[in-house]
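Q:
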Amino acid sequence: MLSLRWRRIGAVFAGGLVALAAVLAVLAVQVRGDDGVIRGCGSSFDVLAGRTDWQVWRAQDLLDLAPSASGTGALTRTAACPTAVNARTAWAGGLLAAAAVVAVLSWPRRAASSRTAKCRDLTRRLAMSMLSVGCALTVAGLAGVALLVANPKATLFLYVGRPVVVLIGLLLLAPAVALMFAGWALIVATRGRKIEPRAGDEA
Numbered sequence: 000m001l002s003l004r005w006r007r008i009g010a011v012f013a014g015g016l017v018a019l020a021a022v023l024a025v026l027a028v029q030v031r032g033d034d035g036v037i038r039g040c041g042s043s044f045d046v047l048a049g050r051t052d053w054q055v056w057r058a059q060d061l062l063d064l065a066p067s068a069s070g071t072g073a074l075t076r077t078a079a080c081p082t083a084v085n086a087r088t089a090w091a092g093g094l095l096a097a098a099a100v101v102a103v104l105s106w107p108r109r110a111a112s113s114r115t116a117k118c119r120d121l122t123r124r125l126a127m128s129m130l131s132v133g134c135a136l137t138v139a140g141l142a143g144v145a146l147l148v149a150n151p152k153a154t155l156f157l158y159v160g161r162p163v164v165v166l167i168g169l170l171l172l173a174p175a176v177a178l179m180f181a182g183w184a185l186i187v188a189t190r191g192r193k194i195e196p197r198a199g200d201e202a
């Protein structure tokens, strides 16, 4: 069992990961073009909230090319912003998942009195980690689908309808939902089974 000092360190570390994820989500993403000029794409939060998207990036690129009237410039934002923003969003989501795992592992637990109890405690910790990560990924995925569907200017709707987008989003969330339910089922199984320590199991 972790001491009070290490539990506090884990809580501070988890809080730091959450703060870092928030900073990454609101920090503007920048890309460098072939001409060496740095251009802004907005933040991951701006994309999820529908404040900027592929159409905005393309319009800004076209405005940059308009004065030259040569048509030889590259559409830097249109080509690079989607990948850069998606990478930033993935990093923020990964930090949130890591914070959830650290918080679960740092949660105070009762001392185990036998090998069997220690094994059961480890199983519960694993189950809580699965449940926390599954819930975090499911909520983030549902929020992303909701924001995408609520954005009437999304370029994706030029090719497919909203019901198809919702269906694909729910299918992509299937692994996260399965992880969440697996963790919940494991927690229920460990709580419902009372194991009495044997004489030879004493640590």
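Using numbering that gives the first Met the number 0, you'd call the opening residue of the sequence shown number 0 and step up by one each time. Even glycine gets a Cβ: it sits at the ideal position worked out from N, Cα and C.
Any idea what DSSP makes of G41, helix, strand or coil?
A: strand
Q: Buried or exposed: which applies to V36, given that a residue is buried once 16 or more other Cβ atoms fall within 10 Å of its Cβ?
A: Flag for V36 reads exposed.
Q: Please tell me whether S42 and A21 are closer than 8 Å, where the distance is taken between their beta carbons.
A: no
Q: Does G70 come out as helix, strand or coil in the three-state DSSP assignment?
A: Residue confidence for G70 is low, a pLDDT of 47 falling below 50, so the modelled location carries little weight and cannot support an answer.
Q: For the beta strand (DSSP E) containing A87, list its first residue and its last residue.
A: Correcting the residue identity first, residue 87 is Arg in this sequence and not Ala. From DSSP, R87 is part of no beta strand (DSSP E) but of the alpha helix (DSSP H) over 75-104.
Q: Return the Cβ separation of A73 and D45 in integer angstroms, given the expectation that the two are a contact with Cβ distance under 8 Å.
A: Between D45 and A73 the Cβ distance is about 23 Å, and since that is not below 8 Å, they are no contact.
Q: Three or more beta-carbon pairs under 8 Å between the stretch 167-176 and the stretch 115-130, yes or no?
A: The count of Cβ pairs closer than 8 Å, one atom from the stretch 167-176 and one from the stretch 115-130, stays below three, leaving the stretches out of contact.
Q: Could you tell me which residues DSSP puts in a beta bridge with R31?
A: I37
Q: Helix, strand or coil: how does DSSP classify G9 here?
A: helix
Q: Identify the continuous alpha helix (DSSP H) that holds D203 and give its terminal residues.
A: Summary: the structure shown does not reach residue 203, with the chain confined to residues 0 through 202, and so no result is reported for it.
Q: Any idea if T137 is buried or exposed, counting beta-carbon neighbours within 10 angstroms, 16 or more meaning buried?
A: By the 10 Å Cβ count, T137 comes out buried.
Q: For L172, which of helix, strand or coil comes out of DSSP?
A: coil
Q: If V28 sits next to R87, beta carbons under 8 Å apart, how far is it from one beta carbon to the other, in whole angstroms?
A: 5 Å
Q: As a quick exercise: from L26, N85, R31, pick the residue whose alpha carbon is nearest that of D60.
A: Looking at L26, N85, R31, the one whose alpha-carbon comes closest to that of D60 is R31.
Q: For a test of the three-state rule: what should DSSP assign to G133, helix, strand or coil?
A: It is helical.
Q: When the Cα atoms are used, what is the spatial distance from A10 to A181?
A: 25 Å
Q: Would you kindly work out how many angstroms separate the C-alpha atoms of R76 and C118, rounded to a whole number?
A: When rounded, the distance between both Cα atoms is 52 Å.
Q: Using a Cβ-Cβ cutoff of less than 7 Å, which residues in the same chain neighbour R50 once the five nearest sequence positions on both sides are dropped?
A: G41
Q: Give me the residue from A188, A96, G168, M127 with the minimum Cα distance to L141.
A: G168
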